[in-house]
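Scroll down for the structure; my scribbles are underneath it.
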Amino acid sequence: MKDFEPRIIAFLCNWCSYAGADLAGVSRFQYPPNIRVIRVMCSGSVSPHHVLHAFQRGADGVLVAGCHIGDCHYLKGNYMTVKRVKFLEGLLQFAGYDSARLRLEWISAAEGIKFAEVVRDFTEKIKQLGPAPSFEAVPERALGA
Amino acid sequence: MNIKIKQLLEDGRVDGFWAYKTTHGFPFPWLFTRENLDELEPWQCTKARYPILKLLLAEARNHPDKTYGVLLRGCEERGLHELFKWNQLQPEKVVVLGQACSQGLAIECECSKPFPEEIHYGTPVDPVVESRKVKELESMEPEARQQWWLSHFNRCIRCHGCRDICPVCFCTECSLEHNALIPGEKLPPDTSFHLVRAIHMGGRCIDCGLCEEVCPAGIPLRSLYKEVNLLVEDIFGYKPGAADGKSPFSFLGEEMLLPSGPR
Ligand code: SF4
Ligand code: SF4
Ligand code: FES
């Protein structure tokens, strides 16, 4: 598992977390290159479908990051985010997928350090978990076999 | 003859009434009006279940000015409440007569409320408080559970029957047919097909079990959505089908509705 380089999709909200990532960049904080960033206007615009789609297409982890509660630029968009993520975690768990592969973080535009830390920590976790199981509806062995 | 329904129609309280009529020896959903009053039959306690809310919804969409009556079980009444909340039907245009289910049916369904608020036909029986099937699944190791689901999802022929029969699936455009999201040519569809549907049932599924009953592949869908309901109740304290309250996914939210735990 040593050479495993996870693919992590990060949905970052435009106003806080993307700016936080930007700050991490200009401040030259180091973080692993495993994340692929998708900039969204608000974390509340990340549908559970997007998250599932990322896993379906082979993501090993999905990070959703937005403004802290109270700071969302659309006032309560991130309220929806946390509701959806909590629900989705439970659902993934019930379907037998490790919900630790989905992570929600609040990262403000000033938290470049936090951004780098989160990416480092999350990448490390996913490395330990190994490659994500496939979404293909093909069981490893037939039931009862 | 069914006096209550006859009365409602004769008094002009309703323009039509959805109940059942024996056809080829089976109870079959039927729209009774003042024209076919004489076809009304006495009520009987049966196990026959149909998407009667779907029929009602279609009829009401075609005739928005008319008032309809409908004979409902507990689950169907929960569905009606959701349709009201999601603005699909108007409460003042629907008149309900309630029927209680038999104990046998309640046990088969693992139904948490096998009778409507007001019972006009039959006697209420004991609810089933906990789903044994879901408990069993919850106690499995995650990996075994995943394999268990995959071995069932594997048989899906993507007929969309589960969606088409569902009383609370009322959208006119459906994510399950979004080709980028769930590649259309793939058979069986992958796990995302079932999880997307499960997500849409969050805060909506009223646990009627019609999806599982209709599925030609015999996929234990009801257990999946029962868990969805447990999650929504656990996290948000919301039970779909209650006469009041709103799905946590239908509004952005109040602080108190935010799930606890690290954010
Ligand atoms: S009814 Fe069954 S076979 Fe048809 S789409 Fe739904 S899960 Fe698949
Ligand atoms: S049990 Fe199935 S058919 Fe009934 S409301 Fe839930 S998802 Fe829809
Ligand atoms: S704008 Fe950042 S979470 Fe809504």
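Those protein sequence lines, which keep their order, are chains A and B. By the working numbering, the letter at position 64 of the first sequence is numbered 47, and the numbering carries on one by one without gaps. When you read off a place in the second sequence, starting at 1, and then add 29, the result is the number in the working numbering. Every residue gets a Cβ at the ideal spot worked out from N, C-alpha and C, and that includes glycine. If you're wondering where the values come from, they're calculated on a predicted model, not measured in any experiment.
1) Less than 9 angstroms between CB atoms is the rule here; does H36/A satisfy it with respect to chain B?
2) Give the C-beta separation of K59/A and L126/B to the nearest angstrom, bearing in mind that I take them to be a contact with Cβ-Cβ under 8 angstroms.
3) Closest by CA to Y62/A, which one among G49/A, G73/A and L71/A?
4) Closer than 8 angstroms to a non-hydrogen atom of ligand 1 - does that hold for the CB of L250/B?
5) Confirm the yes/no value for this check: CB of N203/B, any heavy atom of ligand 1, distance under 8 angstroms.
6) With distances taken from each beta carbon to the nearest heavy atom of ligand 3, which residues come in below 6 angstroms, in chain order?
7) Report back the beta-carbon spacing between S160/B and K76/B to the nearest angstrom; my notes put them in contact at under 8 angstroms.
8) Counting only beta-carbon separations shorter than 9 angstroms, does M148/A have a partner in chain B?
9) For K275/B, collect the residues of the same chain with a Cβ closer than 7 angstroms to its Cβ; drop the 5 residues on either side in sequence, then sort them by chain order.
10) Along the chain, where does the beta strand (DSSP E) containing E88/A start, and where does it finish?
11) Determine the burial state of G127/A: buried for a count of at least 16 other Cβ atoms within 10 Å of its Cβ, exposed for fewer.
12) Does the beta-carbon of Q176/B have 16 or more other beta-carbons within 10 angstroms, so that it is buried, or is it exposed?
13) Run through chain B and tell me which residues come within less than 8 angstroms of D81/A, C-beta to C-beta.
14) Just the C-alpha distance for M285/B and D263/B, rounded to the nearest angstrom, thanks.
15) DSSP three-state call for W59/B: helix, strand or coil?
16) Unbroken beta strand (DSSP E) runs of length 3 or more, entirely within the region -2 to 29 of chain A: which are they?
17) For F118/A, decide whether its Cβ has a neighbour in chain B, counting only Cβ atoms nearer than 9 angstroms.
18) Sorry if obvious, but does the Cβ on G238/B come closer than 8 angstroms to a heavy atom of ligand 2?
19) What in chain B is Cβ-close to K69/A, meaning under 7 angstroms?
20) Hey, quick one: how far does the alpha helix (DSSP H) through V125/B stretch, first residue to last?
21) For ligand 2, is there any heavy atom lying closer than 8 angstroms to the beta carbon of V197/B?
22) Return yes when the Cβ of Y80/A is within less than 9 angstroms of the Cβ of P171/B, no when it is not.
23) In the DSSP assignment, find the unbroken alpha helix (DSSP H) run with A(-7)/A in it and report its ends.
24) Assign F46/B to one of two classes, buried (16 or more other C-beta atoms within 10 Å of its C-beta) or exposed (fewer than that).
25) Does the distance between the C-beta of V154/B and the nearest non-hydrogen atom of ligand 1 fall short of 8 angstroms?
26) At a cut of 8 angstroms, does the region 216 to 224 of chain B reach the region 194 to 202 of chain B through at least three beta carbon pairs?
27) Short check: CB of V47/A to CB of L287/B, under 9 angstroms?
28) Decide if the region 178 to 196 of chain B is in contact with the region 82 to 95 of chain A; the criterion is three or more beta carbon pairs, one per stretch, under 8 angstroms apart.
29) Can you look up K97/A in the DSSP assignment and give me helix, strand or coil?
30) So what does V99/B bridge to, in DSSP terms?
31) Less than 8 angstroms between the CB of V243/B and some heavy atom of ligand 1, yes or no?
In short, the structure shows the following:
1) The residue given as residue 36/A occupies position 53 in the first sequence. Residue-level contact check: H36/A touches chain B, since one or more beta carbons of chain B fall below 9 angstroms from its beta carbon.
2) If you number the first sequence from 1, residue 59/A lands on position 76. If you number the second sequence from 1, residue 126/B lands on position 97. Their Cβ separation, rounded to whole angstroms, is 41 angstroms, which puts K59/A and L126/B out of contact at 8 angstroms.
3) As a working mapping, residue 62/A is identified with position 79 in the first sequence. Residue G49/A is the option with its Cα nearest to Y62/A.
4) For the purposes of this step, residue 250/B is taken as the residue at position 221 of the second sequence. It does: the Cβ of L250/B is within 8 angstroms (strictly closer) of some heavy atom of ligand 1.
5) The count along the second sequence starts at 1 and reaches residue 203/B at position 174. First, the amino acid is wrong: residue 203/B is Cys here, not Asn. C203/B Cβ: outside cutoff for every heavy atom of ligand 1.
6) Taking a cut-off of 6 angstroms from the heavy atoms of ligand 3, the residues with a C-beta inside it are C(-4)/A, W(-2)/A, C(-1)/A, C25/A, S26/A, G27/A, G49/A, C50/A, C55/A, H56/A, Y57/A, G60/A and N61/A.
7) Numbered from its first residue, the second sequence carries residue 160/B at position 131. Numbered from its first residue, the second sequence carries residue 76/B at position 47. Not a contact, Cβ separation roughly 19 angstroms.
8) A question about residue 148/A goes unanswered here, because the residues of chain A that appear run from -16 up to 128.
9) Position 246 of the second sequence, counting from 1, holds the residue named residue 275/B. Residues K114 of the same chain have their beta carbon placed closer than 7 angstroms to that of K275/B, with the five preceding and five following residues left out of the count.
10) Reading the first sequence from its first residue, position 105 is the one you call residue 88/A. That run of the beta strand (DSSP E) goes L85 to W89.
11) Looking up residue 127/A in the first sequence gives position 144. Model confidence at G127/A stands at a pLDDT of 49, short of 50, so the residue's coordinates are unreliable; what they give is reported in the following sentence. With fewer than 16 Cβ atoms within 10 Å of its Cβ, G127/A is classed as exposed.
12) In the second sequence, residue 176/B corresponds to position 147, counting from 1. Burial call: buried.
13) Within the first sequence, numbered from 1, the residue matching residue 81/A stands at position 98. By Cβ distance, chain B contributes P171.
14) As a first step, residue 285/B is located in the second sequence; it is residue number 256 there, counting from the start. As a first step, residue 263/B is located in the second sequence; it is residue number 234 there, counting from the start. Their backbone Cα atoms lie some 14 angstroms apart in a straight line.
15) Here residue 59/B corresponds to residue number 30 of the second sequence, with the count starting at 1. In the structure shown, the three-state DSSP call for W59/B is strand.
16) Within the region -2 to 29 of chain A, the beta strand (DSSP E) runs of at least 3 residues that lie entirely inside it are, in chain order, 18 to 23.
17) Position 135 of the first sequence, counted from the start, is the residue given in the question as residue 118/A. At least one chain B Cβ lies under 9 angstroms of F118/A.
18) Counted from its first residue, the second sequence places residue 238/B at position 209. G238/B: yes, Cβ under 8 angstroms from ligand 2.
19) Here residue 69/A refers to the residue found at position 86 of the first sequence. Here the neighbours are I264 and P288.
20) Translated into the one-based positions of the second sequence, residue 125/B becomes position 96. Looking at the DSSP string, V125/B is not in any alpha helix (DSSP H); the run it does join, the beta strand (DSSP E), is V123 to G127.
21) Position 168 of the second sequence, counting from 1, holds the residue named residue 197/B. True, at least one ligand heavy atom lies under 8 angstroms from that Cβ.
22) Locating residue 171/B in the second sequence gives position 142, where the first residue counts as 1. Locating residue 80/A in the first sequence gives position 97, where the first residue counts as 1. Yes, these two residues count as a Cβ contact at 9 angstroms.
23) In the first sequence, residue -7/A corresponds to position 10, counting from 1. Taken as a continuous stretch (DSSP letters only), A(-7)/A belongs to no alpha helix (DSSP H), being part of the beta strand (DSSP E) at I(-9) to C(-4).
24) Here residue 46/B refers to the residue found at position 17 of the second sequence. Buried, because 16 or more other Cβ atoms sit within 10 Å of the Cβ of F46/B.
25) In the second sequence, residue 154/B corresponds to position 125, counting from 1. No.
26) For the pair of segments examined, the region 216 to 224 of chain B was found not to touch the region 194 to 202 of chain B: the number of CB pairs separated by less than 8 angstroms stays below three.
27) For the purposes of this step, residue 47/A is identified with residue 64 of the first sequence, where counting begins at 1. For the purposes of this step, residue 287/B is identified with residue 258 of the second sequence, where counting begins at 1. It is not a contact, given that the beta carbons lie outside the stated cut-off.
28) The region 178 to 196 of chain B and the region 82 to 95 of chain A do not touch, with fewer than 3 CB-CB distances between them shorter than 8 angstroms.
29) Locating residue 97/A in the first sequence gives position 114, where the first residue counts as 1. Helix at K97/A.
30) Walking along the second sequence from the start, residue 99/B turns up at place 70. DSSP, once it has assigned bridges, lists W47/B and V125/B as partnering V99/B.
31) Here the question's residue 243/B lines up with position 214 in the second sequence. Yes - ligand 1 has a heavy atom lying nearer than 8 angstroms to the Cβ of V243/B.
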